[in-house]
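Novice: First, the structure itself, so that you have it in front of you.
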Amino acid sequence: MSRSERSPLLLAGLLAAAGTAHFAAPRWFDHTVPCSLPGSPRTWTCASGAVELALAAGLALPRTRRAAALAAAAFFVGVFPANVKMAVDWRHRPAPQKAAALGRLPLQVPLVLWARGVAKGAEGRS
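Per our numbering, residue 16 is the first one in the sequence shown, and the count goes up by one each step.
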């Protein structure tokens, strides 16, 4: 399997793992939900987990790959405020935890670019 064939499946696997984690350990994710969002943090945790699982499924199927990849790129941009909140909330934690929270911020850029690359690679393939 070539790198271009593996890339969408790896991204799907990442999203599937993240989506599953939202349901397996929701309390951890509840704390990253910005207070400015209406409703309960658990609702947002479950909704984002469900979206990640749906995106993973869409990326795994060539027929829906392009649309799912573009949606994944938008999703990665959309969850950025949760990563900012985590970085702010964890600013007084021990150095390794603070570094992990801060490291998530620039990680969003390659995730967005990866998803866009998968979308570009899926153009014209159905």
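Ideal placement from N, C-alpha and C gives every residue a C-beta, glycine not left out.
Taking one C-beta from the segment 51 to 58 and one from the segment 105 to 122 each time, how about it: are there three or more such pairs within less than 8 Å?
Specialist: With the cut-off at 8 Å, the segment 51 to 58 and the segment 105 to 122 do not touch.
Novice: So the alpha helix (DSSP H) Val-66 belongs to, where does it begin and stop?
Specialist: Note, Val-66: alpha helix (DSSP H), 56 to 75.
Novice: Taking its Cβ as the centre, do 16 or more other Cβ atoms sit within 10 Å of Trp-43, making it buried, or is it exposed?
Specialist: Flag for Trp-43 reads exposed.
Novice: Please name the residue in Phe-95, Ala-102 and Ala-39 whose C-alpha comes closest to that of Leu-68.
Specialist: It is Ala-39.
Novice: Please state whether the Cβ-Cβ distance between Leu-74 and Val-133 is less than 8 Å.
Specialist: The answer is yes: Cβ separation under 8 Å.
Novice: Hey, which unbroken runs of the beta strand (DSSP E) at 3 residues or more fall wholly within the segment 87 to 127?
Specialist: Counting only runs of 3 or more, we get nothing.
Novice: Flag Ala-82 as yes when its Cβ comes closer than 7 Å to any non-hydrogen atom of the ligand HEM, and as no otherwise.
Specialist: The ligand HEM is absent from the structure shown, which contains no ligands of any kind.
Novice: Going along the chain, which residues of its own chain have a beta-carbon closer than 7 Å to the beta-carbon of Glu-138, five neighbours each way excluded?
Specialist: Correct list, in chain order: Arg-81.
Novice: With the cut-off set at 8 Å, would you say Ala-130 and Ala-71 are in Cβ contact?
Specialist: No, Cβ-Cβ distance for Ala-130 and Ala-71 is not below 8 Å.
Novice: Tell me the DSSP secondary structure of Ser-51 in three-state form.
Specialist: Coil, per DSSP.
Novice: Need the endpoints of the alpha helix (DSSP H) that Arg-42 sits in, please.
Specialist: It spans 41 to 45 - the alpha helix (DSSP H) in which Arg-42 sits, taken as one unbroken run.
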